[in-house]
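Asks: In the UniProt record's numbering, the protein residues as written are 1 to 630.
Structure provided below as structure tokens; questions to follow.
Spelled out as structure tokens, the structure:
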């Protein structure tokens with residue numbers, strides 16, 4: 001069936017549609033109904049089924065005779081090594097680590113915080129928790145001690161699993177001192193920590209610490225423990241507008257069903273094929289499309305420990321795709337902007353055979369048309385933008401190339417996926433006309449795999465997502481739906497600026513700036529203005545090798561926006577900077593930049609990649625009279 005028929009069937013008969021999709025999962029006890037109201041904020045999926053995630057990601061493939069199939073490829077240019085782990089080996093490792101946890105008292109419902117670099121053992125740790133029904137909470141390796149402590153206090157884990165270090169280009173980051181400092185700060189004290197020792201920086205062990213290798217060597221393998229379909233598989237913390245992290249809860253049954261469906265229908269990837277999501281297990285993409293969906297579907301998943309540039313250069317993506325015969329690749333647009341900035345002609349692709357690559361998927365930031373066109377021109381491959389969130393766990397809107405390859409509209413993530421009834425609303429909650437900017441919301445109920453609540457914060461869940469538009473999930477994104485039903489994500493709702501009464505999308509201005517031949521990357525923010533309320537201000541990073549006067553390029557950028565969007569945009573401010581402040585997942589910190597411009601006190605975001613960039617942004621703004629300048 002094509003996309004439209006599947007979408008309409010899921011809308012008309014969600015019970016029948018999702019019960020059918022649930023048949024692809026191995027259940028200990030199959031659910032009797034798909035959707036059930038259990039008195040929580042939203043109805044829950046497959047709640048009376050009994051199932052185990054680790055069984056579906058490892059054991060069932062071994063039982064089906066695929067134990068010798070490669071499950072994980074660890075490609076680590078920072079250590080100059082490649083390791084392959086088969087499904088049989090994965091089953092053994094998860095069973096023994098689960099046994100080590102169980103022997104120390106970890107049982108169903110207990111939480112385990114995982115603080116690991118991009119090594120296959122991180123995936124093993126996640127699966128081992130699900131094997132015995134423990135709820136894992138992965139914190140990005142190298143996160144500051146204070147932020148790690150906040151998450152430990154919220155999740156209250158019985159145990160921590162950590163790596164001794166992470167490896168960045170040119171430096172080794174010791175994790176154990178950060179973990180020790182976090183445990184000192186935290187009010188809650190886990191009972192023990194299992195430490196995976198790496199040769200690059202071995203950790204000094206303390207009285208609560210257990211060596212990973214010794215724990216596995218002495219462990220009795222644990223069997224898979226069935227859990228209810230609504231049992232949390234994990235908690236994943238995402239930044240909240242208040243500064244306090246929000247613990248997104250992922251229910252087990254819906255997670256399995258939805259992710260399995262996406263692998264072939266959205267990502268065009270069959271069992272046995274190689275799928276690579278260039279992300280980190282600390283983020284939702286790493287959860288869904290490194291650790292879980294590829295393994296649930298019987299694919300080979302690439303665990304990459306490196307960067308798009310600098311390990312060693314902008315050829316790395318092409319080399320990994322060619323070396324491991326990657327069928328489909330998924331990353332954030334910012335990663336390709338980095339590659340484009342360092343190698344604008346794509347010369348470093350030479351010698352890398354990409355004939356096996358079918359599609360390149362982008363998500364995490366708006367995929368600007370200029371970046372998409374560059375990737376298409378250099379690779380000749382399909383470039384598929386799609387849109388989703390930490391809270392949703394999988395795509396709200398996509399081009400479902402495995403189900404039906406729809407016409408691509410560059411700049412749009414295409415159409416809502418089955419189960420997603422997406423509307424664009426005005427401030428009063430009324431639907432707006434096609435091609436009209438508004439708040440993007442999803443009519444309840446949400447499909448399987450999405451968050452049913454926040455960890456121990458039901459009131460905050462309701463306030464954050466359900467109260468603004470009753471009967472809808474508020475996405476926090478702004479955009480529009482065109483006459484063909486294609487969705488256009490223009491900005492976060494907070495990034496829609498009001499210039500003299502005109503609601504303008506910063507994303508539309510960024511698209512124009514990205515089209516300048518010398519611009520590799522850009523961001524537009526709104527700054528306070530006494531006359532117009534707000535004015536747009538553009539930051540542009542230049543392509544490597546451009547040595548023209550920055551003032552001249554800034555003037556050209558202003559002219560481009562005024563030409564393409566018109567005087568209504570009141571776009572008069574642009575500045576060239578070396579780099580933009582981003583989270584470790586690649587998202588540009590626009591709200592933080594706006595606060596700096598307006599001279600507000602800024603708390604350094606926990607997720608920032610390099611805090612020093614904030615000072616650079618302030619320095620660039622002061623000559624323009626912003627950031628407390630004169």
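A virtual CB, placed ideally from N, CA and C, is assigned to each residue, including glycine.
Since we're looking at a predicted model, the values are computed, not measured.
Below 8 Å on the Cβ atoms is my guess for residue 321 versus residue 293; work out the distance and round it to an integer in Å.
Replies: Contact doesn't hold; Cβ gap of about 19 Å is too wide.
Asks: With a 10 Å radius around its C-beta and 16 neighbouring C-beta atoms as the bar for buried, classify residue 14 as buried or exposed.
Replies: It counts as buried.
Asks: Is the stretch 153-162 close to the stretch 103-115, with three or more CB pairs under 8 Å?
Replies: Segments in contact, yes.
Asks: Span of the beta strand (DSSP E) holding residue 251?
Replies: Looking at the DSSP string, the run of the beta strand (DSSP E) that includes residue 251 is 246-251.
Asks: With DSSP as the reference, label residue 327 as helix, strand or coil.
Replies: Three-state DSSP puts residue 327 in a strand.
Asks: Can you tell me the Cβ-Cβ gap for residue 124 and residue 236, rounded? I've got them flagged as a contact below 8 Å.
Replies: The Cβ separation is near 18 Å, so there is no contact.
Asks: To the nearest angstrom, report how far apart residue 597 and residue 132 are at their CA atoms.
Replies: Roughly 49 Å separates the two Cα atoms.
Asks: Determine the direct distance from the alpha carbon of residue 300 to that of residue 233, and round the result to whole angstroms.
Replies: So the alpha carbons of these two residues sit roughly 21 Å apart.
Asks: Taking the C-alpha atoms as reference points, what is the distance between residue 630 and residue 142?
Replies: Reliability fails at residue 630, whose pLDDT of 36 lies under 50, so the model's placement of it is uncertain and no value is given.
Asks: Please say whether residue 426 and residue 480 have beta carbons closer to each other than 8 Å?
Replies: The answer is no: Cβ separation not under 8 Å.
Asks: Specify, as a first and last residue, the run of the beta strand (DSSP E) that residue 163 falls within.
Replies: Segment 159-163, the beta strand (DSSP E) holding residue 163.
Asks: Considering only their Cβ atoms, is the gap separating residue 602 from residue 651 smaller than 8 Å?
Replies: The question about residue 651 has no answer here: the residues shown for the chain are numbered 1 through 630.
Asks: Using 8 Å for Cβ pairs, my map puts residue 424 next to residue 416. What's the rounded Cβ distance?
Replies: That pair is no contact at about 12 Å.
Asks: Taking residue 274 as the reference, which of 213, 54, 354, 454 has the closest Cα?
Replies: The candidate whose alpha carbon is nearest that of residue 274 is 354.
Asks: Could you round the C-beta distance between residue 516 and residue 556 to whole angstroms and report it? I think they count as a contact, below 8 Å.
Replies: Confirmed, about 6 Å.
Asks: In three-state terms, what does DSSP make of residue 397?
Replies: Reduced to three states, the DSSP call for residue 397 is strand.
Asks: Closer than 6 Å by C-beta to residue 136: which residues in its own chain qualify, once you throw out the five before and the five after it? Chain order, please.
Replies: If we look at residue 136 and ignore the five residues flanking it on each side, its Cβ neighbours are 112, 114, 126, 129, 234.
Asks: Per DSSP, residue 553 forms a beta bridge with which residues?
Replies: According to DSSP, residue 553 bridges with nothing at all.
Asks: Can you find the residues in the same chain that come closer than 6 Å, C-beta to C-beta, to residue 282, ignoring five residues on each side of it along the sequence?
Replies: So the qualifying residues of the chain are 138, 140.
Asks: Smallest Cα separation from residue 331: which of 39, 522, 586, 465?
Replies: Cα-wise, what sits closest to residue 331 is 586.
Asks: So, is residue 324 buried or exposed, given that buried needs 16 or more other C-beta atoms within 10 angstroms?
Replies: Residue 324 is buried by the Cβ-count criterion.
Asks: Can you give me the Cβ contacts of residue 343 inside the same chain, cut-off strictly under 7 Å, excluding the 5 residues immediately before and after it?
Replies: Taken in chain order, the residues that qualify are 314.
Asks: Can you tell me the Cα-Cα spacing of residue 175 and residue 3, whole angstroms?
Replies: Cα to Cα, residue 175 sits roughly 46 Å from residue 3.
Asks: Please classify residue 498 as buried or exposed, where buried requires at least 16 other C-beta atoms within 10 Å of its C-beta.
Replies: That one is exposed.
Asks: Where does residue 333 land, buried or exposed, given buried means 16+ other C-beta within 10 angstroms?
Replies: It counts as buried.
Asks: What residue from 89, 202, 276 has the CA that sits closest to residue 216's CA?
Replies: The option with the nearest alpha carbon to residue 216 is 89.
Asks: Using only the alpha-carbon positions, how far apart do residue 362 and residue 581 sit?
Replies: Cα to Cα, residue 362 sits roughly 20 Å from residue 581.
Asks: Would you be able to state if there are at least three C-beta pairs under 8 Å between the stretch 363-380 and the stretch 453-471?
Replies: The stretch 453-471 vs the stretch 363-380: no contact.
Asks: For the alpha helix (DSSP H) that contains residue 369, what are its first and last residues?
Replies: Note, residue 369: alpha helix (DSSP H), 369-379.
Asks: Secondary structure at residue 50, three-state DSSP: helix, strand or coil?
Replies: Looking at residue 50 - three-state DSSP - the assignment turns out to be strand.
Asks: Just to confirm the assignment, what range does the beta strand (DSSP E) spanning residue 498 have?
Replies: Taken as a continuous stretch (DSSP letters only), the beta strand (DSSP E) holding residue 498 covers 496-499.
Asks: Ignore the nearest five residues each way along the sequence and tell me which others in residue 455's own chain have a CB closer than 6 Å to its CB.
Replies: 235, 247, 249, listed in sequence order.
Asks: Quick check: the stretch 31-47 against the stretch 73-87, are at least 3 beta-carbon pairs closer than 8 Å?
Replies: Verdict: no, contact absent.
Asks: Would residue 288 be called buried (16 or more neighbouring beta carbons within 10 Å of its own) or exposed?
Replies: So residue 288 ends up on the buried side.
Asks: Please name the residue or residues paired with residue 479 in a DSSP beta bridge.
Replies: In the DSSP output, where bridge partners are listed per residue, residue 479 has 438, 489.
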